[in-house]
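Numbering (our numbering), first residue to last: 137 to 314.
Where is the CB? At the ideal position from N, CA and C, for every residue including glycine.
All values reported here derive from a predicted model rather than from experimental measurement.
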């Protein structure tokens, strides 16, 4: 028998859904949604196609005690909705800062889900950060709008490598003082 380690990570509740720590049972839906090229191409770290074991390893990393990134599932099962609609994360940076990252399954696009998830995570501030950062590819203005809607301020242009596109792409960088 294998016992899973309990990860101390708060659940953040909204009216429509909860942000909850990942579970091993999330594997199938994360693979389904993250395997969609429309999702992968808007992230820096999701390869396309997904190599076998990628999501299993991602979930395992998110459950370790010494992780560098806290990951939450957008879960509406409490309100009768889907158990997995997307992911949102905070990567720990130095000087009491973190970087927000998120993606939403295409079936839930244009529903305000990303804005509500980012706003809830900022409001909860589970890591007690002084500042949160985020960046989006410049060909993803919808994600930029999510950030500005949640009070993030534009800092400037930069570049990030996109694994699924195998290219370095221009980004917009934002920050939010807390």
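DSSP places residue 153 in the coil class of the three-state scheme, outside both helix and strand. If you ignore the 5 residues before and after residue 307, its C-beta comes within less than 8 Å of the C-beta of 271, 272, 273, 274, 293, 294, 295 and 296, all in its own chain and listed in chain order. Distance from the CA of residue 145 to the CA of residue 261, rounded to the nearest whole angstrom, comes to 12 Å.
Between residue 245 and residue 179, the CB-CB gap reaches or exceeds 8 Å. Non-local C-beta neighbours of residue 255 in its own chain, meaning closer than 7 Å and more than five positions away in sequence, comprise 286, ordered along the chain. Around the beta carbon of residue 237, 16 or more other beta carbons lie within 10 angstroms, which makes this residue buried. Cα atoms of residue 264 and residue 206: separation of roughly 13 Å, rounded to the nearest angstrom. One alpha carbon belongs to residue 229, the other to residue 235, and they sit about 7 Å apart.
For the 8 Å CB-CB criterion, residue 182 and residue 299 form a contact.
DSSP places residue 273 in the strand class (E or B) of the three-state scheme. Its chain contains 220 as the residues whose beta carbon lies nearer than 6 Å to that of residue 165, once the 5 sequence neighbours on both sides are disregarded; these appear in chain order. As computed with DSSP, residue 228 is found in a beta bridge with 234. In the DSSP assignment, residue 173 falls within the unbroken alpha helix (DSSP H) covering 173-176.
The alpha-carbon separation between residue 253 and residue 210 amounts to approximately 7 Å. Collapsing the DSSP output to three states places residue 242 in a helix. Ranking 282, 212, 224 and 257 by CA distance to the CA of residue 152 puts 212 first.
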